[in-house]
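S.K.: Residue numbers (my numbering), protein chains in the order written: chain A, 8 to 341; chain B, 8 to 341.
For every residue, glycine included, the Cβ atom is placed at its ideal position computed from N, Cα and C.
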DNA sequence: CCACGTCGTCGAAGCGATTCGACGGACCGA
DNA sequence: TCGGTCCGTCGAATCGCTTCGACGACGTGG
């Protein structure tokens, strides 16, 4: 493996000059630069990451903490993750993957050993035990999701409050007078995961504003759970004409259940989903939906993190506005 | 941040002694060891990852390359990934996440800069362009999946050939005489991804052995795709009594389609899935299935990698035997 | 009782980059 | 022409750890 000294000798310059060519931190004559770059290519030189980290006090690695718990839709997490990795690479950084189960100790470890320069944390709860730890770590952090107290933190997420409201706005606008929300499994609410709570809040608030009757139904992420909730819904609320679903895995089973109960969509029942566009497009019928912009959230999270690493100050809260796309699953009630 | 020198001073020993306490590479009297450990705790010492990597020529990080392509079931990938991370941590290693789209250059980079000591590569194709690169990298690698030529490589995966055969064995044993295989989307076959090809091979071979009539049907991973294949199946093969499904996303839609076509499961049609147990248990009815042991594959892959890092020689191919669990979706034909 | 091997510890030499201060030459204005 | 800047490059120190050889002390066998 070629080292910087080899490159320097090959190009007839000092090692420090090579370093400056690479980092651009001092000006170098074009001619020298070209000579050095040629030597680098000729020798196939690649700087040693550890040596670089030691000398510069920067590893160019960020940690990504992913959840591995029940009740959260896995494909969305994956979209976040790949978006984060891709964006990080564009900023010349790599991504170290941590799972929730290493918990706070894991955060301490990767920060304490200088393995990573900064971190992105997904699936934040309202009262997340990791938050106090972040302060002592003294490294830039971006949270995907919102805890109860965002003091001194940087958070980003879809504006779920607005998303919940947008669904109701759309349905109320079509003339619906009773709407149900089918939400995440109960454990998600018990954990006080922000997104579930916020969707409900926006949903309820908008309903009041429109004078529409609503009900909220947590739902297990299984076919059986979907059938149970569907039956419940139809039995308890004969005047129900629209449903908002914020629970990806039950989307399919729920639609089947409605169909089997003889309700056709959208003629007898309108359905709006909060889910990735991809999913909404692939069901039958295609669903009117508020998109979960996982790719964008990941990209923005990285951008925020890089800004913080550069010492810039960034907004404490970034809420991405919801985007509702009307498709075949909603219409005015008959 | 405390350094090793601080610990040494605090404990009244040489820095090298602290290092040996931590690494266990030389014997240390119990008393000294305890004193050093106490100092480490007192100062909250954590070794600097970069310095360690530089001096020892080991980063204690492994790369995990995940696919981000269409046609592969995301939750399974996620299970692999978390299993790899968890297992790696048990071996005192961290995991750097790479995506397919950095391709061979990414492999060169992380190996060339000594960012990682070794790598795990998922979703290997029969003729994978990354394979030639691995040789020049000169770092331990474990592949999840099998390429055409495994010369000099270490590969691990579920034995999909045996899995395909196991499904047929089970169904033929129940008395079925015509069985269809609903497989991955066409693009997966076109890429020559090993698992799809091998399942088909095992399926066909076993069918011949049992003298059972078969057909194979690639299927888009959408509800529409499922409906199309279901219709095709029922129309073209009136004598069909059993289906093997190796395509997670269409499982639900396919069952719905059969039901809507008036076929009840398992009375009119037996169904065997090749999918994670979790999924098979949550459908209605619960599906007889061959499990995809993602957790085990991940764990074993890490174990193999660690063995290679220790200089041990390991088997070139590890095929995990399939495990078929009978559930409510299969019975003898009427 | 001596020679020798073993055990536990120390000191110093790296590992391969970055970065800071210094320095010589070119260029500028007075 | 001379002093002062600025620019491009160099050399050396430094980052924090591991590891190798050396070196007493101690136990053992002859």
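1. Since residue 162 (chain A) sits in a beta bridge, which residues does DSSP pair it with?
2. By how many angstroms is the C-alpha of residue 207 (chain A) removed from the C-alpha of residue 193 (chain A)?
3. Please list, in chain order, the chain A residues whose beta carbon lies closer than 8 Å to that of residue 82 (chain B).
4. Can you tell me which of the three DSSP states residue 216 (chain A) falls into?
5. Roughly how far, in whole angstroms, is the beta-carbon of residue 102 (chain B) from the beta-carbon of residue 91 (chain B), given that I think they are within contact range, below 8 Å?
6. I believe residue 160 (chain B) touches residue 150 (chain B) by the beta-carbon criterion, under 8 Å. Please report the beta-carbon distance rounded to the nearest angstrom.
7. Of all the options A:31, A:40, A:136 and A:50, which has the alpha carbon lying nearest to the alpha carbon of residue 12 (chain A)?
8. Verify whether the separation of the beta carbon atoms of residue 342 (chain A) and residue 79 (chain A) is less than 9 Å.
9. Would you please verify whether the beta carbon of residue 54 (chain A) is less than 9 Å from any beta carbon of chain B?
10. Residue 38 (chain A) to residue 32 (chain A), Cα distance in whole Å?
11. Kindly indicate the opening and closing residues of the beta strand (DSSP E) around residue 72 (chain A).
12. Count the other CB atoms, across all protein chains shown, that sit within 10 Å of the CB of residue 132 (chain A); report buried if there are 16 or more and exposed otherwise.
13. Verify whether the separation of the beta carbon atoms of residue 104 (chain A) and residue 73 (chain A) is less than 9 Å.
14. Please report the distance separating the alpha-carbon of residue 183 (chain B) from that of residue 67 (chain A).
15. Here's the rule: buried if 16 or more other CB atoms are within 10 angstroms of the residue's CB, otherwise exposed. What is residue 339 (chain B)?
16. Looking at C-alpha atoms only, which residue of A:217, A:203, A:218 and A:290 is the closest neighbour of residue 224 (chain A)?
17. Please name the residue or residues paired with residue 188 (chain A) in a DSSP beta bridge.
18. At a Cβ threshold of 9 Å, is residue 17 (chain A) touching chain B?
19. Relative to chain A, which residues along the segment 241-274 of chain B have a C-beta separation below 7 Å, given in chain order?
20. Using the rule of at least 16 other Cβ atoms within 10 Å of the residue's Cβ for burial, across every protein chain shown, is residue 248 (chain A) buried or exposed?
21. According to DSSP, is residue 268 (chain B) part of a helix, a strand, or is it coil?
22. Counting along the chain, where does the alpha helix (DSSP H) carrying residue 11 (chain B) start and finish?
23. Smallest Cα separation from residue 281 (chain B): which of B:263, B:272 and B:295?
24. If you measure beta-carbon to beta-carbon, which residues of the segment 214-239 of chain B are closer than 7 Å to chain A?
25. At 3 residues or longer, and completely inside the segment 81-112 of chain A: list those beta strand (DSSP E) runs for me, N to C.
26. Please classify residue 139 (chain A) as buried or exposed, where buried requires at least 16 neighbouring CB atoms within 10 angstroms.
27. Taking residue 120 (chain A) and residue 93 (chain B) to be in contact with their CB atoms under 8 Å, please state how far apart those CB atoms are, rounded to whole angstroms.
28. So for residue 47 (chain B), helix, strand or coil by DSSP?
29. For the segment 284-297 of chain B, which residues have a beta carbon sitting closer than 8 Å to at least one beta carbon of chain A?
30. Round the Cβ separation of residue 312 (chain A) and residue 125 (chain A) to the nearest angstrom and send it over; I've been treating them as touching at under 8 Å.
M.R.: According to the structure shown:
1. A:150 and A:324
2. 13 Å
3. 81 and 82
4. helix
5. 6 Å
6. 6 Å
7. A:50
8. Past the edges of chain A, shown from 8 to 341, lies residue 342 (chain A), and the structure says nothing about it.
9. yes
10. 17 Å
11. 68-73
12. buried
13. yes
14. 59 Å
15. exposed
16. A:203
17. A:223 and A:251
18. no
19. 259, 260 and 263
20. buried
21. coil
22. 11-18
23. B:295
24. 229, 230 and 231
25. 101-106
26. exposed
27. Contact flag wrong, Cβ pair sits at about 19 Å.
28. helix
29. 289, 290 and 291
30. 5 Å
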